[in-house]
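**Q**
In our numbering, the protein residues as written are 78 to 243.
1) With DSSP as the reference, label residue 230 as helix, strand or coil.
2) For the alpha helix (DSSP H) holding residue 185, just list the boundary residues, first then last.
3) With respect to the beta strand (DSSP E) encompassing residue 213, which residues constitute its N-terminal and C-terminal limits?
4) Measure from the alpha carbon of residue 213 to the alpha carbon of each residue in 191, 179, 232, 98, then state which is nearest.
5) Within 10 Å of its beta-carbon, does residue 130 have 16 or more other beta-carbons around it, so buried, or fewer, so exposed?
6) According to DSSP, what are the bridge partners of residue 164?
7) If residue 224 sits next to residue 95, beta carbons under 8 Å apart, how far is it from one beta carbon to the other, in whole angstroms?
8) How big is the Cα-Cα spacing for residue 122 and residue 171?
9) Looking at residue 132 and residue 181, is the spacing between their C-beta atoms short of 8 Å?
10) 8 Å is my cut-off, CB to CB: does residue 104 come that close to chain C?
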């Protein structure tokens, strides 16, 4: 299990990839073949624009609060295999890590929705690190926008450095 230490909190407020707005996001990912969405608003935005992620990771919480029922229904209505995990805030549990890894290993079986009881606040780190090389991971950065990260060796190395400090 990984636990976020206080000295890393500010570092994680910086994007690990390209920071974009919604319109730029949709243009940027239009040719991506395998998309991983982390976060409810990101997942809802993609689904609402006809983009179906290969894996979506959600906790049904937005800025630590419940949100509109129509968003939740849209995400729950996404036809995907569901994996339920527990993951407290500020952590990446083994259960979450293993669920993400499983979803990537079984990607040929169709899309996966990982539903978290707790928070997905650090799930992007695991998703980037574990993602296949053809994946693009998209996650929200509160009050800043959306971050788009290709699962390159360089990005995985950067994430490993963060994980090694947890």
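By construction, the Cβ of each residue, glycine as well, lies at the ideal position given by its N, Cα and C atoms. Just so you know, these numbers come straight off a predicted model, no measurement behind them.
**A** Here's the rundown:
1) helix
2) Unbroken run through residue 185: none, as it is neither H nor E.
3) 212 to 218
4) 232
5) buried
6) 195
7) 7 Å
8) 28 Å
9) yes
10) Given the protein chain composition of this structure (a single chain), no chain C is represented.
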